[in-house]
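A.B. asks:
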Amino acid sequence: MAQFFQMHPVTPQLRLLRQTAAILEQDGVIVYPTDTNYGLGCSIFSRKGVERIIKIKQLSPNHQFSILCPDLADISQYARVDNGTYRLLKRYLPGPYTFILEATREVPKTLLPKRKTIGLRIPDHPICLALLREFGKPLLSTSMELPDREGVIISDPREMRERLDKVVDLLIDGGPTRDRYSTLVDLTGDAPRVLREGAGDPTPFA
Numbered sequence: 035m036a037q038f039f040q041m042h043p044v045t046p047q048l049r050l051l052r053q054t055a056a057i058l059e060q061d062g063v064i065v066y067p068t069d070t071n072y073g074l075g076c077s078i079f080s081r082k083g084v085e086r087i088i089k090i091k092q093l094s095p096n097h098q099f100s101i102l103c104p105d106l107a108d109i110s111q112y113a114r115v116d117n118g119t120y121r122l123l124k125r126y127l128p129g130p131y132t133f134i135l136e137a138t139r140e141v142p143k144t145l146l147p148k149r150k151t152i153g154l155r156i157p158d159h160p161i162c163l164a165l166l167r168e169f170g171k172p173l174l175s176t177s178m179e180l181p182d183r184e185g186v187i188i189s190d191p192r193e194m195r196e197r198l199d200k201v202v203d204l205l206i207d208g209g210p211t212r213d214r215y216s217t218l219v220d221l222t223g224d225a226p227r228v229l230r231e232g233a234g235d236p237t238p239f240a
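Sequential numbering from 35 applies to the sequence shown in this note's numbering.
#1: Leaving out five residues before and five after E231 in sequence, what residues of the same chain have Cβ atoms less than 7 angstroms from its Cβ?
#2: For Y72, count neighbouring C-beta atoms within 10 Å of its own C-beta (all shown protein chains included) and say buried if the count is 16 or more, exposed if not.
#3: Would you grab the beta carbon distance between R155 and T132 for me? Rounded to a whole angstrom, and I think it's under 8 angstroms.
#4: Does the contact criterion of 3 or more C-beta pairs under 8 angstroms hold for the segment 42-56 versus the segment 106-117?
#5: By the 10 Å Cβ neighbour count, where 16 or more other Cβ atoms means buried, how is M35 classified, buried or exposed?
#6: Inspect the beta-carbon positions of E75 and I88 and report whether they are closer than 9 angstroms.
#7: Let me check understanding here. Comparing Cα to Cα, which of G170, E179, R125 and S94 lies closest to K148?
#8: Name the one or two DSSP bridge partners that V228 has.
#9: Can you tell me where the beta strand (DSSP E) holding D203 begins and where it ends?
#10: DSSP state of V141, grouped into three classes?
#11: Taking buried to mean at least 16 other C-beta atoms within 10 Å of its own C-beta, is Y66 buried or exposed?
#12: Given this structure, state the Cα-to-Cα distance separating D203 from I57, to the nearest angstrom.
#13: Count Cβ pairs between the segment 120-130 and the segment 179-187 that sit closer than 8 angstroms; are there 3 or more?
#14: Using the Cα positions of V201 and D207, report the straight-line distance between them to the nearest angstrom.
#15: Using only CA atoms, which one of Q53, V141, L106 and D213 lies nearest to V186?
#16: Quick check: the Cα distance between A55 and L205, rounded to an integer number of angstroms?
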């Protein structure tokens, strides 16, 4: 049975953040709020956690995962970022964007089975940012869209408990979210390319 934490959406309780970090350290899978929707995640270094998430969501082995980082310094550790790209990221992050970048060798192979790119985010949400800083490692991130309800983002904590109580280790209720996807932008080519329009304004990259 999953644990259930109600965290303050602006000033999350340090005690609960530390307990969450401890769960993640033990290959835990959690549900947590971001600035766009609730996410399903684990440590990017947890092979067991990644395998559990793939099973829960019935994902393809070639699925393009995203990882959440607390700041730009972390992004430059896991993706190749030149000066122009760094300035662009600094302008739009934290925010409701996921940027596709070329991955470095620091990204675990479990996240890159047949790819050389990775999606990276810095979510503008107090709980998520505080958790990333407390945990000290990036989180794998995928939206709360389950296989039997494709295209529907689950955001009601009660429904999440009913459906995931036996398959995740922790659900964090951090209040309502925007219930939208992040805007997905590919930065691996000569010019930015919008792959998915979402909560972030796509106009600057169109």
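Cβ atoms here follow ideal geometry from the backbone N, Cα and C, with glycine treated the same way.
C.D. replies: Reading it off the structure:
#1: T217
#2: buried
#3: 5 angstroms
#4: no
#5: exposed
#6: One detail in the question is off: residue 75 reads as Gly in this sequence, not Glu. For G75 and I88, no; Cβs fall outside 9 angstroms.
#7: S94
#8: V219
#9: Neither: D203 is in no beta strand (DSSP E) and is coded neither H nor E.
#10: coil
#11: buried
#12: 8 angstroms
#13: no
#14: 17 angstroms
#15: D213
#16: 13 angstroms
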